[in-house]
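Asks: Please find one structure pasted underneath; my questions will follow.
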Amino acid sequence: MPWFKVNRSMSYIRFQQKRPDRGRLWLRGMALLLLTALLFGVGGQRPVAAAGKSLSNAKGKTLAQLVYDRPDGSDSSAEVIMTLGRKGEKQRQRLLYSYAKDKGKGERWTLMRFIKPADIRGTGLLTKDHPGDNNDQWLYLPALDRVRRISSSRKGGRFVGSDFFYEDLRDREVDMDHHRYIGRGKVGKIVCDVVVSTPVKRSNSAYSKRVSWIHRKTLIPLRVDFYQKGRKRPTKRLRARKIKKIQGYWTVMESTMYDLKSGHRT
0 MPWFKVNRSM SYIRFQQKRP DRGRLWLRGM ALLLLTALLF GVGGQRPVAA AGKSLSNAKG
60 KTLAQLVYDR PDGSDSSAEV IMTLGRKGEK QRQRLLYSYA KDKGKGERWT LMRFIKPADI
120 RGTGLLTKDH PGDNNDQWLY LPALDRVRRI SSSRKGGRFV GSDFFYEDLR DREVDMDHHR
180 YIGRGKVGKI VCDVVVSTPV KRSNSAYSKR VSWIHRKTLI PLRVDFYQKG RKRPTKRLRA
240 RKIKKIQGYW TVMESTMYDL KSGHRT
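Residue numbering for the sequence shown follows numbering that gives the first Met the number 0, starting at 0 and increasing by one per position.
If you want it as structure tokens, here you go:
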């Protein structure tokens, strides 16, 4: 049974009392520019078409590894504002706290806990990223006083009605995908390296591929396009809106996930 179900109050207090030694809003891996303060906006350009047929090449693999290994501190905490809605419509806001800690030997635990509004207060998601292809996730629903394990078959499910899938909140190691560098592209006026990532095993991802525009200095993906299985065009897009150096670590402070079909944004 997840530890935050056994003692929900104490686990929350313990995280608050253990002050992180390095500030970072837990953003890790090619597909995980995760839940920071969220705004609206869209931009960027499409990359040039790939010339080769190979699913992977040396530069693509190297870039993916550099992004994954980018220094981000051993633990972190963040107060996160989540804004949901469509452009021109009334927006809904949620407040949550996010805590993450490296447990050693390639394992990382992350806890997200909602504070506001009242109808979602106390809802929590615990993610345990293990080495390799193993992840465990548990969702706590206070209204039912129930813990629900998120199975691998639900990795394409939406996290508490947002535009983030449960898969987006998990770590994804470099060897789980083929990575192909296809050239340079721009996000706004910023020149980026563009990498196409496709799952080695189709069954371990809700996406058929991800295309990432990687900032050449910070190694932060400024844009990621997500392609769901059977779709020729991206169905979701993640944009890093604001980047800041905190305690020596480049950190995404604002980001947006777009549902390109419905127009909804988180």
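Virtual Cβ for every residue (Gly too), placed ideally from N, Cα, C.
1) Whole-angstrom Cβ separation of residue 212 and residue 193, contact assumed at under 8 angstroms?
2) Can you tell me whether DSSP reads residue 88 as helix, strand or coil?
3) Using a Cβ-Cβ cut-off of 8 angstroms (strictly less than) and excluding sequence neighbours within five positions of residue 113, which residues of its own chain qualify?
4) So the candidates are 255, 231, 147 and 228; which of them puts its Cα closest to the Cα of residue 241?
5) Residue 138 to residue 125, Cα distance in whole Å?
6) Given this structure, state the Cα-to-Cα distance separating residue 245 from residue 259, to the nearest angstrom.
7) Just to check my reading of the structure: residue 54 and residue 214 have Cβ atoms closer than 8 angstroms, yes? What is that Cβ distance to the nearest angstrom?
8) Just to confirm my understanding: we take residue 70, look at its own chain, exclude 5 residues before and 5 after, and list those with CB closer than 7 angstroms. What are they?
9) Name the residue from 183, 83, 100 and 85 whose alpha carbon lies nearest to the alpha carbon of residue 170.
10) What residue does the alpha helix (DSSP H) around residue 57 start on, and which one ends it?
11) Give the DSSP-derived three-state secondary structure of residue 159 in the structure shown.
12) Is residue 257 buried or exposed, if buried means 16 or more other CB atoms sit within 10 Å of its CB?
13) Rounded to whole angstroms, what is the Cα-Cα separation between residue 251 and residue 88?
14) If we ignore side chains and look at the alpha-carbon of each, how far apart do residue 167 and residue 236 end up?
15) When burial is assigned at 16 or more other CB atoms within 10 Å of the CB, is residue 209 buried or exposed?
16) Considering just the uninterrupted stretch of the beta strand (DSSP E) at residue 226, what are its terminal residues?
17) What separation, rounded to the nearest whole angstrom, lies between the Cα atoms of residue 161 and residue 264?
18) Could you name the residues that DSSP lists as bridge partners for residue 194?
19) Take residue 115 as the anchor and find which of 79, 207, 262 and 130 has the nearest alpha-carbon.
20) Can you name the start and end residues of the beta strand (DSSP E) that residue 140 belongs to?
Replies: Taking the coordinates as given:
1) 6 angstroms
2) coil
3) 93, 94, 95, 119, 120, 121, 122, 123 and 159
4) 255
5) 7 angstroms
6) 31 angstroms
7) Contact doesn't hold; Cβ gap of about 24 angstroms is too wide.
8) 248
9) 100
10) 57-67
11) Residue 159 falls in the helix class under three-state DSSP.
12) Counting the other Cβ atoms within 10 Å of the Cβ of residue 257 gives 16 or more, which makes it buried.
13) 26 angstroms
14) 12 angstroms
15) buried
16) 220-227
17) 8 angstroms
18) In DSSP, residue 194 forms a bridge with 180 and 211.
19) 79
20) 134-140
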